[in-house]
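S.K.:
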Amino acid sequence: MKISEFVKQVNTTKDAVRHYEELDLLRPSWKNDVRYYSPKDVGDFHAIKEMQSVGFSLKDVQAIFNLKRTDGCGSEKLIQGFLDSLDKELEAVVKAEEELQQKKSKITNMILELKQL
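Taken in order, the sequence shown gives residues 1 to 117; the numbers are from UniProt numbering.
#1: For the alpha helix (DSSP H) holding residue 2, just list the boundary residues, first then last.
#2: What is the DSSP secondary structure of residue 75, counted as helix, strand or coil?
#3: Taking 7 Å as the cut-off, is the beta-carbon of residue 33 closer than that to any non-hydrogen atom of the ligand FMN?
#4: Would the segment 65 to 76 and the segment 87 to 94 be scored as touching if the rule is three or more Cβ pairs under 8 Å?
#5: Between 104, 41, 61 and 18, which lies nearest to residue 82 when the distance is taken from Cα to Cα?
#6: Judging by CA-CA distance, which residue of 77, 33 and 9 is the nearest neighbour of residue 44?
#7: For a test of the three-state rule: what should DSSP assign to residue 29, helix, strand or coil?
#8: Bridge partners of residue 35, per DSSP?
#9: What number of angstroms, rounded off, separates the C-alpha of residue 79 from the C-alpha of residue 11?
This is how it looks when you write it as structure tokens:
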């Protein structure tokens, strides 16, 4: 499919697709100076968005895609790299959650103190 069909199917913009191509995350085939996207490209796009939705940076996604391309999709190295990235992201989420809980507690205490005045 051409880029116009691809952006409709994955609900994005041409600029986003081209940016992912520049980062070597998407690799469409070329025929007569026209990009063609396959179902694999659609899957890769969704994988990128899924990883971003849990907090991965595009640099993290690039590293994972590079492992996938060099070692294969089901390789132990890829899976371990992905698990390590997920562990780091989970640690960041837990830390942020703790900070939010502390902030919530302070705000709640301030509200209670002000209501007693």
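Heads up, the beta-carbon is just placed ideally off N, CA and C, and yes, glycines get one too.
Here the structure is a predicted model, which is why all the values come from computation and not from measurement.
M.R.: In short, the structure shows the following:
#1: For the purposes of this step, residue 2 is taken as the residue at position 2 of the sequence shown. Element bounds for residue 2: n/a, residue is neither H nor E.
#2: As a first step, residue 75 must be located in the sequence shown, where it is residue number 75. It is coil, neither helix nor strand.
#3: The model depicted lacks the ligand FMN and carries no ligand whatsoever.
#4: Judged by Cβ distances under 8 Å, the segment 65 to 76 makes no contact with the segment 87 to 94, as fewer than three pairs qualify.
#5: Translated into the one-based positions of the sequence shown, residue 82 becomes position 82. For residue 82, the nearest C-alpha among the options comes from 61.
#6: By 1-based counting over the sequence shown, the position of residue 44 is 44. Residue 44 has its Cα closest to that of 9, out of 77, 33 and 9.
#7: Numbered from its first residue, the sequence shown carries residue 29 at position 29. In the structure shown, residue 29 sits in a strand (DSSP, three-state: E or B).
#8: Reading the sequence shown from its first residue, position 35 is the one you call residue 35. Beta-bridge pairing links residue 35 to 30.
#9: Residue mapping note: residue 79 aligns to position 79 of the sequence shown, counting from 1. Residue mapping note: residue 11 aligns to position 11 of the sequence shown, counting from 1. Distance between the alpha carbons of residue 79 and residue 11: 28 Å.
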